[in-house]
Structure formats: structure tokens, C-alpha cells
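Chains A, B and C, in that order, are what the protein sequence lines are. Take 52 as the starting number for the first sequence in our numbering and just add one per residue. Take 52 as the starting number for the second sequence in our numbering and just add one per residue. Take 52 as the starting number for the third sequence in our numbering and just add one per residue. Glycine included, each C-beta is placed from N, C-alpha and C at the ideal position. Some notes on the structure that comes next.
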Amino acid sequence: MSNTRGKETSILLVAQVIFIVLFGLFVDYGERAGPASHGDHNSTSEVAGEELTFDQFYPMYQDVHVMMLIGFGFLMTFLKRHGFGSVSFNFLLTCYVIEWSTLVNGWFGMIGGSTNKIHLDVESLLHADFAAATVLISFGAILGVASPVQLIIMATIEVVVYNVSIYVGVEIFKAVDVGGSIFIHAFGAYFGLAVARMLYKKAQTEHTKEGSIYHSDIFAMIGTIFLWLYWPSFNAGPAVGNERHRAVINTVLSLSACTVVTFAISSVIDKKGKLNMVHIQNATLAGGVAMGASADLLTHPFGALLIGSSAAVVSTLGYQYLQPILQKRIKLHDTCGVHNLHGMPGILGAIVSAITISAANMDAYQASFSIFNWTVPQQAGYQIAAMAVALGIAIVSGALTGLLLKAPIWDNLTTEELYEDEVFWDCDEEPQLSQSEKLENGTS
Amino acid sequence: MSNTRGKETSILLVAQVIFIVLFGLFVDYGERAGPASHGDHNSTSEVAGEELTFDQFYPMYQDVHVMMLIGFGFLMTFLKRHGFGSVSFNFLLTCYVIEWSTLVNGWFGMIGGSTNKIHLDVESLLHADFAAATVLISFGAILGVASPVQLIIMATIEVVVYNVSIYVGVEIFKAVDVGGSIFIHAFGAYFGLAVARMLYKKAQTEHTKEGSIYHSDIFAMIGTIFLWLYWPSFNAGPAVGNERHRAVINTVLSLSACTVVTFAISSVIDKKGKLNMVHIQNATLAGGVAMGASADLLTHPFGALLIGSSAAVVSTLGYQYLQPILQKRIKLHDTCGVHNLHGMPGILGAIVSAITISAANMDAYQASFSIFNWTVPQQAGYQIAAMAVALGIAIVSGALTGLLLKAPIWDNLTTEELYEDEVFWDCDEEPQLSQSEKLENGTS
Amino acid sequence: MSNTRGKETSILLVAQVIFIVLFGLFVDYGERAGPASHGDHNSTSEVAGEELTFDQFYPMYQDVHVMMLIGFGFLMTFLKRHGFGSVSFNFLLTCYVIEWSTLVNGWFGMIGGSTNKIHLDVESLLHADFAAATVLISFGAILGVASPVQLIIMATIEVVVYNVSIYVGVEIFKAVDVGGSIFIHAFGAYFGLAVARMLYKKAQTEHTKEGSIYHSDIFAMIGTIFLWLYWPSFNAGPAVGNERHRAVINTVLSLSACTVVTFAISSVIDKKGKLNMVHIQNATLAGGVAMGASADLLTHPFGALLIGSSAAVVSTLGYQYLQPILQKRIKLHDTCGVHNLHGMPGILGAIVSAITISAANMDAYQASFSIFNWTVPQQAGYQIAAMAVALGIAIVSGALTGLLLKAPIWDNLTTEELYEDEVFWDCDEEPQLSQSEKLENGTS
């Protein structure tokens, strides 16, 4: 760790200089943010209803922005001695990815086009946040076990492969996934899990610092609740007109049902019959993940409740039973349980979208039928194909990234440095660990 | 308590299955969220100015949503050993009521109509949150003294009688109450107080765990501030045009004056002359409650300040003097003091609306006169009548509900289980209570 | 301190009565909130694109509102024993200033006009929040060293001189400063620093209570993140059309770069090579301050990154090196380091705006050229002139205010009362200070 200072500083400063240069070469304001038409920006939209104005995008953009920094950031503060790192590295990663993904998203958007400039508007800012969400999900799998340098390396690679996955899934397969069940949640989770598998250390299991204390669990609820509240904006943000309205309704219903069912299941599977904050903090959100790919489809309100209820079952059982098995059998340590919150519910979302689409027909969908890009059976098939490709890319590229991060040059953490803010932060006080715990941990 | 597991799980799972079936039978997307008109949803509004579009509703809806889960949820975390229960049962109740009130609100809306389907849009989601607010206010009166099963039973009943009260007050009496002083705040408070009176136990008085600690009071301020900030959206949400704009201005002014006056009074009535966090957390919000029924009326800015100032006086004195008296004399234990924050300020709001309306005339109100449904004196009278009916329904139905909840089959709490997360949550640590406090409490 | 009760109560009650009277005399609803035109408020805007409707203002207004109470309020809770005072006096000051600045802003707006009424709409509420921001920045400089009475006196004076500074800078010099780098951030900082210099006590240096503990630093991050998230609304709120859109983009980019560079620098300048929460909580925001005066100009995206990166350098180095020097050499104690977050980055913002304007020309700016009120070189010069006048007014009036506050009649604090909630709040518990610390402090 003696070189932490230099590496973290160097990599960030070099990256920032490169970003400034690349932004100078490639990035400018979009038409509605540029100098040309002073006056009412609403009037610049020629195809009313197909394109969203600044006023229609901005409130949803800000909701998603809150999800990134307050939502993900505080959700991760449940660890008793990693509150600084959780909320702050989440902050750093988001900012880094906003810059980097603006470039990468833009370059991928140029493919086949005639422009060589990236034109920014509030929609591109929203898509930068979606890239950030993907990286932050992966971060959750290795929370407390990676240095800032490792996280930045990971983010740099992940933003590129995330765009590859979207290029194949959306541009070629033309899958529909308005809320990112496939391309954000499942992709981010399995990429992160593959990294986590590579970074696995035996000492992670039953580490004394990998737990919450009473008030760190309350801090985490700030994250949970803001994610829950603004998830409708996440799922509806890219949609327009009635589709957008429907995506909001579906997501609110799915999340509500998911929360009720999570409370139902959490206590019945507990040894003492009590509720478990891990479930409440996480599984209540699975309804948002699973609804993502179908949010603008006609699942109908009862369908949205059914999807949310199913997601709660999958996610809660995942936390209680599957996660310990995966850790024991395949040495997969998943700090935040992203497999249960984003991985499996993301796959569920893809499957649900294929089923929902299979039931679609022109009579019921009317104008909304234009959501689809293929015949109904083809579209359903491509949903599954896109999911398979996304998972494949995520797992392979995540594993390779994990291998790269194992190279002992990225401020890698030792066993006793896991889940501990003191490693990277000026904070001596350790009020929550007893002396015996410290000793126990120091010698492991 | 041996059967907690089974009952909480069973009631929630059964309810969720019933909700899915009933949603399948009765609920579908509203016109603007349905498949018909792809394209700009704004253009579907035929009566511009009388009906709000998705874009006009959604930001205010999200503000109200934040009030429900962050506002109410964190305000209640002031208890030192009930943080999990406060924020989480608040979360569960909100989700449960969103589903249940969508049905009940919809059924009441069908009365006299020709449709037998409930059509969802963002406005119906807003009204589901209003029903949730009513239940959460009642929850505040019995915070820490009821099991989740009892809370769910209470919510199920309350949503129905809440709709009865609105049917009489709004459909028949045609009272105006844009921000719910009467039908949300006063109703929710007196319903909850009636329940609390029935559940009263002697041990609640001076219970060692019914108090705050330093950082739980700071968590509570997160709730207070978000309630304060988004209250203008609560009071203005259902209004349109200039009325909506005016409701925002009136509410901001009322809340600001209320906060200043609360700070003025809090220290002068304290024995040591110091400020009291209970007042700052709660009475600062009374200006929002009292402004509710008059928010879209021409109170004029000075009137809004006067209303907010009066609410601060009523609420602060209520916390300081009336609450201990009620506890001693009529055995009314009110954990969050909802009588002082929602009950009395709600009644004040109804009276203020009657006075404001009495001073109204066509010359001053111009087009805004269409707010009223009767002649001026009639409208003023119906405001008071609606309040009386709401209070009557609340107190009677609340008392009956409380009686029902006393039946020893709903995971009722024993004395030593009051205000304690350990009863329902996996959390052993008790860092904030000394050994002596534990002993003292355990034997009471 | 024996008279605290009386003074704080008296001053607030007298002020509130005066406000009610003055509102009755001077303030009424604006046209769009008044009774006249019932119906679609959007249609009342005659000059589409030049004037913003309620719907365009309200979401940004609410974002700024959150910045005032959650942002500033929680950012200041980093102090271990001043959490109540930080969040609550911030709350009181904001409410007091909303009322007082509505009057003062309105009176200044009348100069040269023909009306003698102040007409309220959501835009005037936004400007009341801007006045509040200025006062809250000054509050940061004297956090924990001033009584509520002193704070109210300070706010009363500052709102007036703030308006004088804007009158000279904007009405006469016609400087452009959409996000308030000059008139809000630099002004508020130097006013507060001048007050702080006057209130300086030797005992402030190395006071045992002037520090954070682990979880108070996490509370503070709630403030940081919400300020960061909603800063684009602060900088873009007063702008229209493409300028508003551009201000959002520029601010998001500037803040992102600022955060990355702050993380880069924080660890390299630390003795142990570790990250410092003070930097992460504060310097990450300097990019929003420095972008303010140029947010609606054509800095281009790379320019926004450059501005944010520069602000991070200035601010972080300020916290690390300049602040201790200023304290030692000129006895300037700055509790929150507002000089580093608002003062120097505000000056940087003014300089950046002059440079950006110097490079402007009609070809590039097209319709956006109408932002400027003079020829390009003149406009650049007036930017600097306005900054100089703002700083001059701030420092002189701040020093005089500080002198006034030193009069021993405003509940002035003794040395042992600094940074301590117990002075003004009902809270006996002191879990975070050891007995030896208390003794040490009590005798200083």
C-alpha cells in the first residue's frame, strides 16, 4: 500500500487531462443547448410527441441522478466501517463514468452515422447516468475489497463492454428494454460477479468487519428509499407519451407489490421468525429491476403486481439461501448481494418481457405496437437472445477484468484491510469495534 | 409472540393474492397511459387548463411520494431503539395502502358512474399517496406500540372509512380542501388517536425506551426537512392553473412563518429556556397542515403568514402542555404527538377555510370563484360541517378499530416489547441502553 | 447567557409581526397566481420563450429549495456536537430570509418602476432562496460560534447589502452571473469571513469540539450529495431556452471533473497519503461555484471540465494550506472553510466569465449573443468590476456587522460554549466526548 497516494492521484489526473482533450476534439452542445435558436426550446422539436423536450426530460433526469449518488451511495453505507468508502467511491465512480461514458456512448452512437461530433443534451446526460448505474452495480459486488485504483480501471473497461452489449442487443437484435433489466441490471451484476470471483480471498468469509451496526442500517435505508421512490423515472425516462406514463404506473405497482411480499417472506424464512434488514434494504427494489424490460408494455396493472411479487420471492430467497451456497461452493463473495437484487431479477425481467411480448397483438397494442421491431415471436426470441449475449459479454469481460485487477500493481488490499475505511481515509477512531474484534481480525 | 412469523406472513401473502385478483378484475390503464394514442400525451387533453397532463403532475407526485417514505419514515426514527420499525413499517404501510387504496378509491369513484373499471393515471397514484398519508398519520399515534399485523389491519379499515368521510364531505357537502387539512390530517390524527386510546397501557408512560438519542434526532430531521420542502406540492398537487400556483406560494409562506414562530416559542416555554428538538421536528410543519384547506383560496400573502404563525402557536403549546395533560387525564398516549401536528392544526385549517371563504366575493375572486360550489355563507358552513362529520367518522371508526386490535390474536405487544426493534428485527446490539435501564424496563 | 430565552423569542416574534404587517401593505400574488385568469397558466405568457411558466420553474425551484435545507443544513452537521444547531439554525435562517428577502428583493425591484406592490410568483420564491443561500454561506464561516440572535441580526443586515451589491452589479454594471458566482458565493463568503474575523476568539483554534466523528461525517455527505445533485438547477434556474439547457450541461460537467480532481489531489497532499473527508465534502462542489457566472455562456464542454478541474485545485489546496495560514496570520477562523468552497471559487468564476466573454463573438454566439449587455470587452471588464464592488461591499458591511455582533447583548457565546449543542438545546447526553476532553475544554 505504500504507493497508494501516487497511483490513485496519477491515474485520475491523467484520465482527467485525457478527458479534457477528447472533449475538446469530439464533444459539443446539442442543437437545443447550442447558440442557434434563442428562445423557447420547446419550439425546436419538429416531431412533437416523438422527441422529448428539456422540460420533459429534466425532472426525470434529476430523479435518476439522485438514485446514482444518494440511492446507490447510501444503500452501500450499511457496512459498519466502510461508510466513507461506500458513499465516496460511489461518488467518484459516478463522476468518472459521466465523463468517460459521454465519450464512449457518443462514439458508439456515431457508428454508421455521418457526424464526428458528440452532441450533448439532457438525454445524453441521462444515458451517462445509465452507464454509471451499470458500473455502480458491479461496484456493489466488490464493495470493500477493491482499491479506488482498481475501481477506476474496472469502470474504464466496463463502460466500453457495456456499450458493446447494447450495440449487439439494441442495434442488431433490436431488443426492447426501456428500464435496463438486461443491459444495465443483469449486465452490471454478472460483470461485477465475475470480477468478484477473480478477487476472491478466503478471508472474506465471516470477516468481522463485514457487517452492519444499528445506525449504519438506518443510513442504508436512505439509499433504499430514494432508489425505490425514483425508480419509476429510471424505467420511464427514455420512453415517450403514453408509454412513459404506463412505465411509471407499472413500476410503482411492481415496487409496491414487491415490498409487501418481501416483508411477508423475510420473517418466515428467518430462524427466529424476525424481519431482516438486508431483505428490506434490497429485495424491496427487485420489483423495479424485474419490471424494467416490460415497463412500457401492456403487462396491465395486475401483471405489474405479479411481476413485483415474483421478483420479491426470487430476491429474498436468493439472499437467504443461494448467496451462502454460492460463496461456499464456487467461492463467489458478493458484498451487497447484487446477484439477488440485480442479477436474477434482471434475468427475470428479460424472461417476463419475452412472455409479455408473446401475448401481444395489434388489436390490444394499437399505436403502442410500434414499440416492437420484429414480428411478435421474433421480438420475444430476440429478448432472450439479447439477454444471453449480454450475460456472455458480462461474464467473459468481467472475468478478464478481474484477472487484470489481480496484478499486484493496483493498490490491492490485504486481508486486514478489507471493509475498512482507515485504509484509504483519515479517520483513526474505531468506536464500533471492540479490542478483541480488532485483534481477531488483525491476525487473520 | 410465538406466532408472529406465521401471522404477518399469512396476512400479507393473502392480501397480495387478493390484490392481484382484484386488480385483474377491476383495474386498467387510464386513457393517457393506455395503448390508444401513441405520441404526445399532452395533446390528448381536450380541456386545456382544466385537466393536468402527465408532465404537470409527475414532478409534484414524486415530491409527495418522497414525503410519504422519506418524510414520514425518517421523522419517526427519532426513537432510539425503533429506527428499523419506524422507517420500515412506514414503508410497508405505504406500499400496502398504494395497492389497497387504488382499489377502494376507485370503487368509491365509480358511485353513480357508468364504468366498472378503475382507470389508472398519475393522478390516481397521487390520490393513493394521499390515502397513505392518512394512514401514516394514524401510525404516528401508535408508533412502537403496535405489531405489523395490527398496523395492516388498521390500514385496511382506515382506507375504507377515509373514503366514506371524503364521500360525505366532498361529494355531498362539497367542501373545499385542496391540501387535506380536514380529510387527511384531522381525519388521520383523530382516527389514530382513537386507536391509541384503545391500545393504551399504563407502562407506556415514562417508558425508558420512548425517547431519542443525539443522532436519532438528526435522522428525524431528514424527515422533517423533506416534509417541509415538498409540502407545497402536497397542497397544490390537485389544483390547476393559477390556483395551483397560489397554493404553492401560500404554503411556502405559511411554513416559513410557522418555522420562525416555532423557534420563538420553543425556548420561551422550556424550563431551562432552551430549544426543544421535538418542537423543531414537528411544529414547524403545522403551517402546512393548517394551510391545506385554504391553500388555493385568496388568503393573500399576509394571511398565509398569519395562518402559519397561528399553527406554530397551537402546535408548540400542544406538545408542551396539552399532550401531557391528555396522557394523564384521559389515558391518551400519542407517540409522535400527531394531535399537535395534524389534529389541532387540521381543525384550525378547517376553521381558517370557513373564515377565508366568508370574506370571499365575486369581485375579488373573479374566475377563481368557481372553486366554490355553494353561495359564500353556505360554503363556509359546509366546511365546518364536513370537518364535524370527518371527526365523527374518524373517532368512532378508530375506536372500533382499536377495540378489534385489542383482541389477543394480532401479535400484540407486551410492555417490555414497546418501542423496541429487537421484537420484530434481527438485531441484538443495544449500544444505547445501559444495563440498569434494561433491568428497570424488563421488570416494569 | 441567562437571558437567551427572552432575546431569541422577542426578536423572532417582533420580526414576524412586522413581516405580517409589511406583507399586508406591500405584497400580493403575481398575475399568474392571482384570481384573474382561471385556466391554463401556460397561456398567460405572452412572450413565449422569454418568460418561464410555473411548470418550467417549479421543479428547478424545488431542487434549489432542497439545496438550502438538506444541502446546506446537513453539510454543516459534520461537527460532532453541533448537529442540532447546524441543521436547525440553517432551517430557521432560511425561513426568516424567505420572508425578509421577499420584502427587500421586492423593494429593490421597485426602484425606477411604477408599481408599489410586490407581486409573488414562483420566480420570486426562487430569488428568495438565492438570498437565503447567500446568508447560509456566511453562516458557514461562523458555524458554532454565534447565537441564534446574532445570526438573525446578521441575516437581517446581509439581505439588504446583498441587494445593494446586486443593484450595482446587475442593474448598473449589467454583469452576467446566472449562477451567482459573484453575487451569491463570493459575496456570501467574504461577508461571512469579515463577520468571522470580528468574532474571532483565540480559543477557537484547536478547540476540542471543533471536529467530526465517524457518523457525523456521513450525515454531512447527505448535504454534499444533494448540493452536488441539484446544483445544475441552481445555475440554470434563472435562464431560459437553450441557455438554460446549456447551463445544466456545463454545470454537470464542471462538477464531475471537479470531483475527480478533488479525489486526485486530496490524497497526494495528505501526510499519510490518505483521502480527507473535508475535501470530499466540500471541494467537490467548487466546480458548481466556479461555473456559476459562465454557466449559460459557450464555454464548450471541454471548457466546463477545465473550469471544474481548476476549481478543485483551488479549493482543495485552500483547505489544506491556505486556511491554516489565514487562521494563524490574520486570525481568521472559518468553521466550514467557506473561503475555499465559495470565496476563491467564486472569484475564479468571475475571472472565468471575463475570459470566456473576451473570446465571444457574434458568429459563434448567434442568438445567444443577446446574453450580453455591452460590447465584448466592456462586458468582460464589467464582470471584474462587479466582482470588485461585490467584494468591497461584502467585506466592509460584513466587518461592520461583525462589530455590531460583538456588542455583549446578543447572547454571545463564551469559549466553552463554542461548537456545542447543549448551550441552546435540550440534550444532556454527551456520548462522544470523554471526561478528560470535557475537563480540558471547560478550563480553556
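Taking C-alpha atoms, which residue in the options lies nearest to residue i?
i                      : options                       : result
residue 459 of chain C : C/69, C/201 and C/177         : C/201
residue 438 of chain B : B/324, B/250, B/427 and B/220 : B/220
residue 109 of chain B : B/178, B/401 and B/342        : B/178
residue 377 of chain A : A/452, A/256 and A/332        : A/256
residue 243 of chain C : C/383, C/312, C/315 and C/409 : C/383
residue 478 of chain B : A/329, A/370 and A/396        : A/329
residue 71 of chain A  : C/321, C/296, C/356 and C/465 : C/356
residue 449 of chain C : C/151, C/349, C/188 and C/344 : C/188
residue 267 of chain A : A/85, A/391 and A/135         : A/135
residue 320 of chain B : B/277, B/470, B/281 and B/366 : B/366
residue 141 of chain C : B/310, B/224, B/453 and B/69  : B/310
residue 197 of chain B : B/133, B/217, B/415 and B/83  : B/133
Looking at the C-beta of residue i, does it have a partner C-beta in chain C at a distance below 9 Å?
i                      : result
residue 143 of chain A : yes
residue 126 of chain B : no
residue 315 of chain B : yes
residue 407 of chain A : no
residue 272 of chain B : yes
residue 349 of chain B : yes
residue 286 of chain B : no
Between which two residues does the alpha helix (DSSP H) containing residue i stretch?
i                      : result
residue 45 of chain A  : Past the boundaries of the shown model lies residue 45 of chain A; chain A is included only from 52 to 495, so the question cannot be answered.
residue 470 of chain A : Here residue 470 of chain A belongs to no alpha helix (DSSP H), and DSSP marks it neither H nor E.
residue 266 of chain A : 265-287
residue 147 of chain A : 134-161
residue 361 of chain A : 351-368
residue 433 of chain A : 427-457
residue 241 of chain A : 238-250
residue 330 of chain C : 328-333
residue 381 of chain B : 374-381
Who are the neighbours of residue i on chain D, taking C-beta pairs under 9 Å?
i                      : result
residue 328 of chain C : Looking at the structure shown, chain D is missing, and the protein chains on hand are A, B and C.
Are any of the Cβ atoms in chain B nearer than 9 Å to that of residue i?
i                      : result
residue 461 of chain A : no
residue 63 of chain C  : yes
residue 172 of chain A : no
residue 162 of chain A : no
residue 116 of chain C : yes
From what residue to what residue does the beta strand (DSSP E) around residue i run?
i                      : result
residue 171 of chain C : 169-171
Quick one: does residue i have its CB under 9 Å from some CB of chain A?
i                      : result
residue 151 of chain C : no
residue 297 of chain C : yes
residue 302 of chain B : no
Residue i versus chain C: which residues are under 7 Å apart at the beta carbon?
i                      : result
residue 310 of chain B : 142, 143 and 146
Give the residues of chain A in contact with residue i, contact being defined as C-beta atoms less than 9 Å apart.
i                      : result
residue 275 of chain B : By Cβ distance, chain A contributes nothing, its closest Cβ being about 14 Å from residue 275 of chain B, past 9 Å.
Residues of chain A with CB under 8 Å from residue i, in chain order?
i                      : result
residue 178 of chain B : Those within 8 Å of residue 178 of chain B in chain A number zero; the least Cβ separation is about 13 Å.
Mind pulling the chain C residues with CB within less than 8 Å of residue i?
i                      : result
residue 398 of chain B : Correct list: empty, because the minimum Cβ distance to chain C is about 22 Å.
Tell me, to the nearest whole angstrom, how far the beta carbon of residue i is from that of residue j; I am working on the premise that it is less than 8 Å.
i                      : j                      : result
residue 112 of chain C : residue 173 of chain C : 5 Å
residue 388 of chain A : residue 374 of chain A : 6 Å
residue 131 of chain B : residue 264 of chain B : 4 Å
residue 67 of chain C  : residue 360 of chain B : 6 Å
residue 332 of chain B : residue 275 of chain B : 5 Å
residue 298 of chain B : residue 229 of chain B : 6 Å
Along chain A, in chain order, which residues have C-beta atoms closer than 7 Å to that of residue i?
i                      : result
residue 42 of chain B  : Nothing about residue 42 of chain B can be read from this structure; chain B reaches only from 52 to 495.
residue 227 of chain C : None at all; the shortest Cβ gap to chain A is about 14 Å.
Starting from residue i, find everything on chain B with Cβ-Cβ shorter than 9 Å and list it in chain order.
i                      : result
residue 325 of chain A : 55, 56, 473, 474, 475, 476, 477 and 478
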